[in-house]
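For the sequence shown, the positions run 216 to 704 when the numbering used here is used.
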Amino acid sequence: MKTVKINEKDNVAVALTNLSKGDVIEGNITLLSDIPMGHKIALCDITKQNKIIKYGFSIGCAKCDIPKGSHVHSHNVKSDVGGKLSYTYCPDFKELKPTEKRTFLGYKRENGSVGIRNEVWIIPTVGCVNSVVKAIENGAKQFKTANIDGIFSYNHPYGCSQLGDDMQNTLKYLSGLINNPNAGAVLVVGLGCENGNIGELKKVLGEYDPKRVKFIVAQNEEDEIESGINAVKELSSYADTFKREECDLSELKIGLKCGGSDGFSGITANALVGAFSDLFISKGGSTVLTEVPEMFGAETILMNRCRTEALFNKTVDLINNFKEYFMRYGEKTDENPSPGNKAGGITTLADKSLGCVQKGGTAIVEDVLCYAEPIKKKGLSLLEAPGNDLVASNALAVSGCQLVLFTTGRGTPFGCPVPTIKISSNTPLYEKKKSWIDFNAGSLIEGKSLNELSGEFLDFVIKICSGEQTKSEKLDKTELAIFKDGVTL
C-alpha cells in the first residue's frame, strides 16, 4: 500500500513512503510530482477556495486550483482557523463500556494517592538557589535505598521578580509538583527574600504532611547545604518505608502529549494513544489532554463530547481565552506548525490539531482544568497549557499525572519530572533513535491492527508503571518548565 485515505469524506490521501512523479496510486491517479513520505496528495481536482478535507474535516482551503495527483501542502493551501468564535453545544458522545480490571506495582501513599516512582525531590522556590539544591542532591545520594528510585534536585529560573497571575502560576506549579505522588518525600529550598518565598508558597500549598515535606530558608541557615543534606536524610528514611505493592490501574492519571509531529502522527501514534486512552478509561483510569493551541480547528470535536453544557461552556472559554492570549501579544491564532511539522507533512494548524485530538480517543470529556489545577474526576479531562513540549508535559505532572505519553514523528530526547513514554509515529524513527523512543506505533501501517497494538501498549505501560525505566529517565529530567505570562521586574 502506497497511500492511506483516512476518512471516506477526504479529498486527499497521505503517502506512506516517498513517491515519485509518474507513480500511480489509488488505482488510477498519476502523481504530477514527487511526494515525500507523510505528505498529502489530491485525490480529485480541487478548485481555488475549496476545502481540503482530511480526517473528514476541513484543514484549510486551496490557494489556487489543485489538479488531481498534485502535492497538497503549504505552497497551495491556506489555513482557515478563525479567531474567537461562537459555538453551539451539539452533544455527540457515548459511554465507554467497562472492561476487565488490571493492576500494576505501585507505591500507596498515606493520603490515598499512588505513585509509580518512589523518589525524593529537592525543589527550589527561586532560581537563585539552583546551585544549592544541586549541592544538596550530590551530598544526599548516599541515602538512596533499594526502595527509593532516586534522589533528584530540580531547577528553574523563576520565583522572583514576577507579579500577579504570573507569580501565582509559579506558586501553583511548585505546589502541584510537591503534591505529585511519584515523590515519596520532598525538600523545598527557598532563598528568603524572593517574591515567591516559602511563606507565600505555603498559602497555595495548603495542608501537607511534615513527615513527607520539609522546608529550609537558605538565608536563615549558617550552612544551608549541610542543613539540606540532614533534611534529606530524614526524608529518605520516611520514603524508604514505602514498597511496591499491587494497585489497581484506576489509581493512575496519565497525561497525553505530542510534539515534533509528522504526517503519520494522527494516523498511527496519536490514534494508538487514543485507543489506549479509551481502553484505560474503561478500566477506571483517568487521562488528561492538553496543548490548547493544538485544539484550534478541531475544538468542536471535544466540545460536543463534553458531558454537560456547563463543561461545554468551560471548553469554549478554554479555547477563546487562549486565543485572546495569542492576540494580546499580536500573534495570529492560525499559524502553529513548526518547521519540523511542515517538513513531516503537516500543512496547517487544523491539519495538526485534527491529528492531535486523536490522542483523546472517543471518551466523554468529564472536566476542564486551569493551568496547575489538580485532576479531580475520573475519565478524560482537558487541561489549560500551551503547545510547548516541556511546559505542557510539566503541566500534566503538576496536575497530578504520574506518567506522560508523548507521541512524535520527528523525535525528541527531553524528559519531565514524571516518566515520559516516547511513541514514534513511524518505524524509521524508532529504528534510528532507540535511545529516545520507547514504543513504535509505525507498525500500524505495516499490518498490525489498532486493537492488537493498543493491547500490547497497555501491557508496556503497566511494565513502566511497575518500575521499568523509560528512555527519558536515563537522560536528564531535572529542569523544570513553568508557564510564564507577565512582566519580569
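All C-beta atoms in this analysis are idealised placements derived from N, C-alpha and C, irrespective of residue type, glycine included.
{"Check": "Pairwise C-alpha distance: Phe495 and Tyr322", "Outcome": "19 Å"}
{"Check": "Length of the line joining the Cα atoms of Asp566 and Ile267", "Outcome": "10 Å"}
{"Check": "First and last residue of the uninterrupted alpha helix (DSSP H) at Glu415", "Outcome": "Ile413 to Leu420"}
{"Check": "Reference Glu466, options Phe491, Gly327, Thr360 and Ser480, closest by Cα", "Outcome": "Gly327"}
{"Check": "Burial state of Cys408 (16 or more Cβ within 10 Å)", "Outcome": "exposed"}
{"Check": "Coarse secondary structure for Tyr322, derived from DSSP in three states", "Outcome": "strand"}
{"Check": "Span separating the alpha-carbon of Leu611 from that of Pro601", "Outcome": "11 Å"}
{"Check": "Residues of its chain near Glu509, where Cβ-Cβ distance is below 7 Å and the 5 sequence neighbours each way are ignored", "Outcome": "Asn551, Lys567, Ser568, Cys571 and Gly602"}
{"Check": "Whole-Å CB distance - Gly443 paired with Leu416, under 8 Å assumed", "Outcome": "Not quite, the Cβ-Cβ distance comes to about 16 Å (not below 8 Å), so this is no contact."}
{"Check": "Test item: CB-CB of Gly560 and Met252 under 9 Å", "Outcome": "yes"}
{"Check": "Cβ separation of Val329 and Pro282, assumed to be a contact under 8 Å, to the nearest whole Å", "Outcome": "Actually they are not in contact, since the Cβ atoms of Val329 and Pro282 sit about 57 Å apart, beyond 8 Å."}
{"Check": "Rounded separation between Val428 and Gln377 - CA only", "Outcome": "25 Å"}
{"Check": "Cα-Cα separation, Thr318 to Gly298", "Outcome": "44 Å"}
{"Check": "Assigned secondary structure, Val428 (DSSP; H/G/I helix, E/B strand, else coil)", "Outcome": "strand"}
{"Check": "4-residue-minimum alpha helix (DSSP H) runs that sit fully inside the segment 469–514, ordered along the chain", "Outcome": "484–497"}
{"Check": "Straight-line gap, Glu296 to Ala486 (C-alpha atoms, nearest Å)", "Outcome": "Reading off the sequence, residue 296 comes out as Val, not Glu. Looking at the two C-alpha atoms, the distance is approximately 23 Å."}
{"Check": "Exposure of Thr623, with buried meaning 16 or more beta-carbon neighbours within 10 Å", "Outcome": "buried"}
{"Check": "Candidates Phe675, Ser301, Ser235 and Ile256: closest to His288 by CA position", "Outcome": "Ile256"}
{"Check": "Sequence-distant residues of its chain with Cβ nearer than 8 Å to Val503 (five each side left out)", "Outcome": "Lys468, Ile469, Gly470, Leu471, Leu584, Ile590, Leu595, Ser596, Leu597, Leu598, Leu611, Ser614 and Cys616"}
{"Check": "Sheet register partners of Trp336 (DSSP bridge)", "Outcome": "Phe367 and Val401"}
{"Check": "Residues near Glu461 by beta carbon distance below 7 Å, same chain, minus five either side", "Outcome": "Thr318 and Leu320"}
{"Check": "Buried versus exposed call for Gln573 [16 or more other C-beta atoms within 10 Å across all chains shown]", "Outcome": "buried"}
{"Check": "Nearest candidate by alpha-carbon position, reference Glu694, set His371, Gly405, Glu325 and Lys356", "Outcome": "His371"}
{"Check": "Three-state secondary structure (DSSP) of Val531", "Outcome": "helix"}
{"Check": "Ala656 vs Thr483 beta-carbon contact at 9 Å", "Outcome": "yes"}
{"Check": "Length of the line joining the Cα atoms of Asp438 and Tyr540", "Outcome": "44 Å"}
{"Check": "Three-state secondary structure (DSSP) of Phe541", "Outcome": "helix"}
{"Check": "Length of the line joining the Cα atoms of Glu646 and Ile652", "Outcome": "9 Å"}
{"Check": "Proximity below 9 Å, CB of Ile250 to CB of Ala277", "Outcome": "no"}
{"Check": "Cα-Cα separation between Val580 and Glu449, rounded to whole angstroms", "Outcome": "42 Å"}
{"Check": "Cβ neighbours of Lys356 in the same chain (closer than 7 Å, five flanking residues each side left out)", "Outcome": "Ile366"}
{"Check": "Lys263 and Gly275 closer than 9 Å at C-beta", "Outcome": "no"}
{"Check": "Run of the beta strand (DSSP E) containing Lys224, from where it starts to where it stops", "Outcome": "Neither: Lys224 is in no beta strand (DSSP E) and is coded neither H nor E."}
{"Check": "Length at least 4, wholly inside the segment 623–676: the alpha helix (DSSP H) runs in chain order", "Outcome": "642–647"}
{"Check": "Anticipated Cβ contact below 8 Å, Ala400 with Tyr453, distance rounded", "Outcome": "5 Å"}
{"Check": "For Glu315 and Gly499, the rounded distance between their alpha carbons", "Outcome": "10 Å"}
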